[in-house]
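Residue numbering for the sequence shown follows full-length UniProt numbering, beginning at 1 and increasing consecutively.
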Amino acid sequence: MHDDFGLHCLQAFSRVVPASCFAFYQVDPHLRARDFQLLRMDARTHRDYLNHYRDFDPLQPALCRDERRAVVPLREAMARQADNSRRIYQGFLVRHGIRDVVEVIAHVRQRPVAGVSLLRLGTQPPFDADELQRLNGLRGLLDLAVRQLPAAPAENDGLTAFTPREQEIALLLREGLSNKDLARQLDMGLATVKTHLIHLFRKTGARSRTELVRKLFP
Numbered sequence: 001m002h003d004d005f006g007l008h009c010l011q012a013f014s015r016v017v018p019a020s021c022f023a024f025y026q027v028d029p030h031l032r033a034r035d036f037q038l039l040r041m042d043a044r045t046h047r048d049y050l051n052h053y054r055d056f057d058p059l060q061p062a063l064c065r066d067e068r069r070a071v072v073p074l075r076e077a078m079a080r081q082a083d084n085s086r087r088i089y090q091g092f093l094v095r096h097g098i099r100d101v102v103e104v105i106a107h108v109r110q111r112p113v114a115g116v117s118l119l120r121l122g123t124q125p126p127f128d129a130d131e132l133q134r135l136n137g138l139r140g141l142l143d144l145a146v147r148q149l150p151a152a153p154a155e156n157d158g159l160t161a162f163t164p165r166e167q168e169i170a171l172l173l174r175e176g177l178s179n180k181d182l183a184r185q186l187d188m189g190l191a192t193v194k195t196h197l198i199h200l201f202r203k204t205g206a207r208s209r210t211e212l213v214r215k216l217f218p
């Protein structure tokens with residue numbers, strides 16, 4: 001069922017906006033992409049992404065949660081990214097000849113539940129404003145369609161003991177964000193970020209950010 005659904009979505013998107021390759025995925029309760037369905041994508045590229053680069057991807061669901069901006073171009077996402085993560089991810093793009101990417105995120109009850117990635121390779125031009133507008137129209141249909149999907153299972157249930165805001169911070173910590181990046185991403189002050197981090201350290205008994213992430217995501 002999921003494979004058929006994902007493939008139909010990818011074929012529909014490919015008819016509206018041309019791209020070199022596409023990926024459909026579901027989003028689990030911890031805002032992690034999983035259950036990928038690929039169309040014309042090199043398996044080696046996808047494997048390299050999953051094994052080495054997904055945590056540096058500025059278009060991953062944990063960083064693209066705003067329902068009002070559900071069509072996200074790569075250039076916009078990278079502009080909000082920390083410098084070190086941006087450099088690492090640019091290395092992946094260059095290595096695989098990826099010219100541009102746009103992410104279309106489907107929401108149910110204001111929560112991201114699935115997404116479609118469109119990639120252009122080689123000499124293909126970047127996605128233009130007209131194409132992004134067409135994708136935004138198609139995204140409304142995707143929002144309706146994904147309601148028939150079963151919920152993606154969580155990777156783990158290790159965050160259920162924390163408040164929703166602490167869970168958000170924990171997910172972003174796993175992606176390597178600094179306190180400054182956390183404040184910008186969550187639209188809160190640095191002092192508030194530090195307070196939430198103190199609570200996470202106390203609840204887990206962790207003594208460093210690395211140990212905290214390891215305890216939260218065993």
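Quick reminder that beta carbons are idealized off the backbone N, C-alpha and C, glycines included.
Bridge partners of TYR89 according to DSSP: none are assigned.
PHE201 and ARG15 have their alpha carbons spaced roughly 49 Å apart. Rounded to the nearest whole angstrom, the C-alpha separation of MET188 and LEU177 is 14 Å. For PRO61, same chain residues with a beta-carbon under 6 Å away, outside a window of 5 residues either side, are VAL27, LEU31, ALA33 and PRO112 in chain order. Annotated as distal: ALA19 and LEU38, with beta-carbon spacing of 8 Å or more. Going by C-alpha positions, ARG120 is about 12 Å away from GLU103.
For PRO29, there is no enclosing alpha helix (DSSP H), since its DSSP letter is neither H nor E. For ARG147, there is no enclosing beta strand (DSSP E), since its DSSP letter is neither H nor E.
In the three-state reduction of the DSSP assignment, HIS8 falls in the helix class, which pools H, G and I.
For MET41 and ASP48, the gap between their C-alpha atoms comes out near 12 Å. Residue environment: VAL101 is assigned as buried (16 or more neighbouring CB atoms within 10 Å of its CB, all protein chains considered). 8 Å or more divides the Cβ of HIS107 from the Cβ of ASP57. About 15 Å separates the beta carbons of LEU63 and GLN167, which is beyond the 8 Å limit, so they are not a contact pair.
LEU118 and VAL17 do touch by the CB rule: their CB atoms are close to 6 Å apart, below 8 Å. Excluding the 5 residues flanking it on each side, ALA161 has same chain C-beta neighbours closer than 8 Å at LYS203, in chain order.
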